[in-house]
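Below: one structure, written as structure tokens.
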Amino acid sequence: MNVTIHPQRLLEDLRQLATFGRAGPDDHPGIHRPSLSPQDMTSRHWLVERMTDAGLDARIDGIGNVVGRSKHLGPALLIGSHTDSQPRGGWLDGSLGVVYGLEIVRALHESQPSLNLPIDVVSFIDEEGTFIGSLGSLSFCNQITSLEVGDATNQQTGQPLNEAITEAGLLGIDLTRLEPDRHMAYLEAHIEQGNILESEGSRIGVVSTIVGIRNFDIRFEGKVNHAGTTPMNLRKDAGSSLINFAYELNKTLQPIAGPNTVWTIGRVNFDPGATSVIPGHADLTLQFRDPALEVLDRFERQVEELVATANRTGPVHVSLHPSSAIKPSAMDKNLQNHLVAAAQIHAPGAWKHMPSAAGHDAMTLADQLPCAMLFVPSIGGISHDYAEDTKEADIILGCEILATAAASILQSTSRLKR
Ligand SMILES: [Zn+2]
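Just so you know, we're using the numbering used here here: the sequence shown kicks off at 240 and counts up by one.
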């Protein structure tokens, strides 16, 4: 089925959305639009207007999610992403997927008005974690309690989430939930935020899996002492033990990594952290990501072995504390096939299957219903920065492919219904 999107309208909406919270250099501005901030709320009211103009029943719910519900009967396809941003973020992160949903609703209506194909569009609040990462999709999937909401605070300013909700005028408004009888699948388009597509000359990524993430705190307990008077052989230096451990870690993880594994020592801390004091305590954070559970398990076993070895050889005690874990989320094979077929029509040979190394709202939804994600290239692989950008032609192509796929998914479902 032919769906004709309106490229100029798509780009204008994206540019308009980028005016809310515009920040950064004049020659290449980005946005600073933290969840529930005044600029974020203005953008949400604008989005409700745009959705309403597109024929959707749209509103902001009690946590800040903007949901535009099609007036057509289900089963409906849910398309969206998020429109909050990182501090000093880029103009396309999240916004792209939401505006795609809006444009696809309009394009389907104009191209095939008689088919009444139902698409609901959503902008989830706080994917970027100003308060709680993926707050909006967790709320939508009923996976967060009012207690957790009550405990949450703005990680930059300390403002309680409930206070921000009240200030945003959302107190007492109902929450919108996933409707299992209505929502049959979720599609999310996003910028890649890396440089795989660009470096390989591909224009579209069909996401196979969103990577799993495991985080650990590793603690080294030695003995504080004078850095001048304590001979080397009598030291229990937590700092140098940490450095040796980190070196061994990088050396032994390398050969057991998969093609997509990444790992990061993101933070180290020496205590007391003074020039003339042997550190008594030292801590590091370790994170690794991979699309395959086996690789994550293999990495975890390797880290456990290294900790055991360090404790056998001493002189410092090492302990491993898993702090959080997210399992890999496989994208639905059937939906991927629709995306691939659409990519073959609009960009034959210029697409590839790839994992997503970043987390997305689709991760939350994948536990509830079939999900798929589409990536467009990020220029220079840059994201979470004012400089984030994607070529106009790629922005348009991504929307064309998602529109074609959405139509074919809805049509194959309505055929099944008959
Ligand atoms: Zn994002």
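Ideal Cβ placement from N, Cα and C applies to all residues, glycine included.
Which residue from the options puts its Cα closest to that of residue i?
i, options, result
"Gly-461", "Val-446, Val-555, Ile-430, Asn-434", "Val-555"
"Ala-589", "Tyr-425, Ala-547, Ile-640, His-599", "Ile-640"
"Met-240", "Thr-491, Gly-336, Leu-356, Arg-261", "Leu-356"
"Ala-596", "Gly-444, Phe-459, Arg-506, Glu-533", "Gly-444"
"Leu-286", "His-271, Glu-487, Gly-303, Pro-273", "Gly-303"
"Pro-399", "Phe-370, Leu-426, Pro-419, Cys-380", "Phe-370"
"Ile-504", "Gly-497, Thr-514, Ile-482", "Ile-482"
"Asp-265", "Glu-631, Asn-489, Tyr-625, Thr-396", "Tyr-625"
"Leu-331", "Thr-491, Asp-456, Ile-430", "Ile-430"
"Val-534", "Ala-496, Thr-243, Ser-617", "Ala-496"
"Ala-642", "His-284, Leu-253, Gly-263, His-348", "His-348"
"Leu-525", "Ser-558, Asn-499, Gly-397", "Ser-558"
"Ala-293", "Ile-299, Pro-326, Gly-263, Val-338", "Val-338"
"Ala-346", "Gln-247, Ile-270, Ile-299", "Gln-247"
"Ser-438", "Pro-616, Thr-652, Ile-634", "Pro-616"
"Ile-404", "Leu-532, Arg-416, His-585, Asp-300", "Asp-300"
"Leu-436", "Ser-651, Lys-630, Thr-652", "Lys-630"
"Ser-568", "Arg-416, Gln-607, Gln-382, Gln-394", "Gln-607"
"His-585", "Ala-632, Pro-530, Thr-392, Thr-548", "Ala-632"
What does DSSP give as the partner residue(s) for residue i in the beta ladder?
i, result
"Arg-474", "Bridge partners of Arg-474: none, in fact."
"Trp-330", "DSSP lists no partner for Trp-330."
"Arg-506", "Thr-524"
"Ala-297", "Gly-307"
"Met-570", "For Met-570, which the question treats as bridged, DSSP gives no partner whatsoever."
"Thr-392", "Pro-399"
"Lys-591", "Gly-444"
"Leu-317", "Asp-359, Tyr-425"
"His-193", "Limits of the chain in this structure are 240 at one end and 657 at the other, which puts residue 193 out of reach."
"Asp-456", "Thr-524, His-560"
"Ile-430", "Val-615"
"Val-501", "Arg-528"
"Cys-610", "Tyr-425"
"Gly-451", "Asp-529"
"Arg-261", "Ile-270"
"Ile-302", "Its beta-bridge partners do not exist; DSSP assigns none."
"Ile-565", "Ile-452"
Less than 8 Å between the CB atoms is what I'm expecting for residue i and residue j, so what's the real figure, rounded?
i, j, result
"Gln-575", "Ser-447", "7 Å"
"Gly-519", "Val-463", "3 Å"
"Glu-366", "Gly-333", "6 Å"
"Gly-598", "Ile-449", "7 Å"
"His-311", "Asp-456", "Contact flag wrong, Cβ pair sits at about 50 Å."
"Ile-565", "Met-602", "7 Å"
"Ser-376", "Leu-414", "Going by Cβ atoms, the distance from Ser-376 to Leu-414 rounds to 12 Å, so no, they are not a contact pair."
"Gly-478", "Ala-521", "5 Å"
Please work out which residues of its chain come closer than 6 Å, Cβ to Cβ, to residue i, disregarding the five sequence neighbours upstream and downstream, and give them in chain order.
i, result
"Ser-563", "Asn-454"
"Gly-340", "Ile-318, Gly-319, Val-360"
"Ser-480", "Phe-459, Val-555"
"Gly-620", "Gly-433, Asn-434"
"Leu-249", "Glu-342, Cys-638"
"Gly-307", "Met-290, Leu-295, Ala-297, Val-360"
"Ala-645", "Leu-316, Ile-343"
"Val-501", "Arg-528"
"Asp-476", "Gly-461, Ile-517"
Kindly list the residues whose CB is nearer than 8 Å to the CB of residue i, restricted to its own chain and excluding five residues on each side of it in sequence; keep chain order.
i, result
"Arg-657", "The predicted position of Arg-657 is uncertain, since its pLDDT is 43 and thus under 50; a value taken from the coordinates is nonetheless stated next. Excluding positions up to five away in sequence, the list is empty."
"Arg-272", "Phe-259, Gly-260, Gln-278, Asp-279, Ser-282, Thr-322, Asp-323, Ser-324, Gly-328"
"His-267", "Tyr-625, Ala-626, Asp-628"
"Ser-515", "His-465, Ala-466, Gly-467"
"Ile-634", "Leu-249, Leu-250, Leu-253, Leu-331, Leu-335, Val-615"
"Asn-550", "His-556, Val-557"
Which residues in the same chain have their Cβ closer than 7 Å to the Cβ of residue i, if we skip the five residues on either side of it in sequence?
i, result
"Ala-407", "Leu-275, Met-280, Gly-303"
"Gly-545", "Just to set this straight, residue 545 is Leu in the shown sequence, not Gly. For Leu-545, where only same-chain residues beyond five positions count, the Cβ hits under 7 Å are Phe-484, Glu-487, Leu-488, Thr-491."
"Ile-648", "Leu-316, Ala-424, Leu-574, His-577"
With a cut-off of 8 Å, do at least 3 Cβ pairs link the stretch 359-371 to the stretch 312-322? The stretch 359-371 is in contact with the stretch 312-322.
Do the stretch 245-263 and the stretch 376-388 make contact, defined as three or more Cβ pairs closer than 8 Å? Counting Cβ pairs under 8 Å, fewer than three are found: no touch.
Touch test, the stretch 629-640 against the stretch 277-292, Cβ-Cβ under 8 Å, three pairs minimum: No, because fewer than three Cβ pairs between the stretch 629-640 and the stretch 277-292 fall closer than 8 Å, the two stretches do not touch.
The stretch 495-514 / the stretch 420-427 touching (three or more Cβ pairs under 8 Å): Note that the stretch 495-514 does not touch the stretch 420-427; fewer than 3 beta-carbon pairs, one per stretch, sit closer than 8 Å.
Is there contact here, the stretch 591-609 with the stretch 467-476, by at least three beta-carbon pairs under 8 Å? Taking 8 Å as the limit for Cβ pairs, the verdict is that the stretch 467-476 does not touch the stretch 591-609.
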